[in-house]
Ligand code: PRP
Ligand code: URA
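Numbering (our numbering), first residue to last: 19 to 226.
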């Protein structure tokens, strides 16, 4: 599946702020949440609605609403949790699962340390969150875990993606739609996205 790239002047403006190494933790965190909300808006374009009857101050009418119980958000720890507020802000009743993965700095392979899902996860549309899709190893492993758990409908939201990660995701999970705010040039020898924004987790949590 081709990635859906949310190319828009407002997004480009926000990306310029978070890419800047002089941007502090507070602003970085806020903008990660804002871009996540905008990605969620795009990812909901094919959402199913149900019809209900309401009364406006003037009359009765039939109108459409989302069934928020059909959704689950799954951030990949740590950095994915930085996107979570932005999604809960627009779909407050979604359930939340967590997948803990970190990249081994030498092999760049993801190492699993946590997995906890809502018990009816199989029935939900699952939206996986991670701001950085670099080699794609973490995204592929996280989605494999969800599929092994019986999840069928999965979307993946990232803020910055590398071509290498997009390719790996498409090869391993062609059914998963990727929504990203931009695609950068490449990875460097340490597996960092260039130009990128550095280590997303460290910048969200102020750990470096
Ligand atoms: C970062 C990022 C992704 C992963 C992407 O997490 O948030 O999860 O790297 O790299 P990949 O596509 O090559 O797998 P990191 O391992 O640094 O952990 P952290 O979020 O705890 O900082
Ligand atoms: N993880 C990050 O946080 N940043 C990168 O550039 C690559 C992986």
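Cβ atoms here follow ideal geometry from the backbone N, Cα and C, with glycine treated the same way.
How about residue 196 and residue 187: do their beta carbons lie closer than 9 Å?
Residue mapping note: residue 196 aligns to position 178 of the chain shown, counting from 1. Residue mapping note: residue 187 aligns to position 169 of the chain shown, counting from 1. Against a cut-off of 9 Å, the Cβ pair of residue 187 and residue 196 comes out as a contact.
Determine, using beta carbons only, whether residue 160 and residue 177 come nearer to each other than 9 Å.
In the chain shown, the residue the question calls residue 160 occupies position 142. In the chain shown, the residue the question calls residue 177 occupies position 159. No, the pair does not count as a contact, with Cβ atoms beyond the cut-off.
If you scan the region 144 to 222 from start to end, which runs of the beta strand (DSSP E) of 3 or more residues do you find wholly inside it?
171 to 179, 195 to 201
Under 8 Å by Cβ, that's how I've got residue 219 and residue 90 pegged, so tell me the actual separation to the nearest angstrom.
Here residue 219 refers to the residue found at position 201 of the chain shown. Here residue 90 refers to the residue found at position 72 of the chain shown. Wrong, their Cβ atoms sit about 22 Å apart, outside the cutoff.
Pull up the CB-CB distance for residue 86 and residue 65, whole angstroms please, since I reckon it's below 8 Å.
Working through the chain shown from its first residue, we reach residue 86 at position 68. Working through the chain shown from its first residue, we reach residue 65 at position 47. Contact doesn't hold; Cβ gap of about 10 Å is too wide.
Taking Cβ positions, are residue 52 and residue 104 nearer each other than 9 Å?
Translated into the one-based positions of the chain shown, residue 52 becomes position 34. Translated into the one-based positions of the chain shown, residue 104 becomes position 86. It is a contact, given that the beta carbons lie within the stated cut-off.
Look up residue 96 in the DSSP assignment and say whether it is helix, strand or coil.
Position 78 of the chain shown, counting from 1, holds the residue named residue 96. If DSSP states are grouped into helix, strand and coil, residue 96 belongs with coil.
Cβ atoms of residue 117 and residue 158: under 9 Å apart, would you say?
Reading the chain shown from its first residue, position 140 is the one you call residue 158. Reading the chain shown from its first residue, position 99 is the one you call residue 117. Contact check for residue 158 against residue 117 fails: the beta carbons are separated by 9 Å or more.
Could you give the distance in angstroms between the alpha-carbon of residue 36 and the alpha-carbon of residue 50?
Here residue 36 refers to the residue found at position 18 of the chain shown. Here residue 50 refers to the residue found at position 32 of the chain shown. Cα to Cα, residue 36 sits roughly 8 Å from residue 50.
Using DSSP bridges, identify the partner residues of residue 121.
The sequence position of residue 121 within the chain shown is 103, counting from 1. Answer by DSSP bridge pairing, in chain order: 128.
Examine the ligand PRP and report whether any of its heavy atoms sits within less than 8 Å of the Cβ of residue 97.
Along the chain shown, one-based indexing puts residue 97 at 79. Checking the Cβ of residue 97 against the ligand PRP gives yes.
Here's a check: name, in chain order, each residue in its chain whose Cβ is nearer than 8 Å to the Cβ of residue 156, leaving out the five neighbours to either side.
Locating residue 156 in the chain shown gives position 138, counting from the first residue. The residues are 94, 119, 121, 128, 148.
Could you pull out every unbroken alpha helix (DSSP H) segment of at least 4 residues lying fully inside the region 38 to 70, listed in chain order?
43 to 61
My guess is that residue 126 and residue 183 are in contact by the Cβ rule of under 8 Å, so how many angstroms apart are they, rounded?
Position 108 of the chain shown, counting from 1, holds the residue named residue 126. Position 165 of the chain shown, counting from 1, holds the residue named residue 183. Incorrect: roughly 11 Å between the Cβ atoms, too far for contact.
With distance defined between alpha-carbon atoms, name the residue in 152, 92, 102 nearest to residue 132.
One-based indexing of the chain shown puts residue 132 at position 114. Minimum Cα distance to residue 132 is reached at 92.
Taking its Cβ as the centre, do 16 or more other Cβ atoms sit within 10 Å of residue 115, making it buried, or is it exposed?
Numbered from 1 along the chain shown, position 97 holds the residue referred to as residue 115. Classification of residue 115: buried, given that the 10 Å Cβ count is 16 or more.
Have a look at the DSSP bridge pairing and note the partners of residue 79.
As a working mapping, residue 79 is identified with position 61 in the chain shown. Answer is 72.
Of the residues 207, 84, 150, which one's Cα is nearest the Cα of residue 54?
Here the question's residue 54 lines up with position 36 in the chain shown. The shortest Cα separation from residue 54 among 207, 84, 150 belongs to 150.
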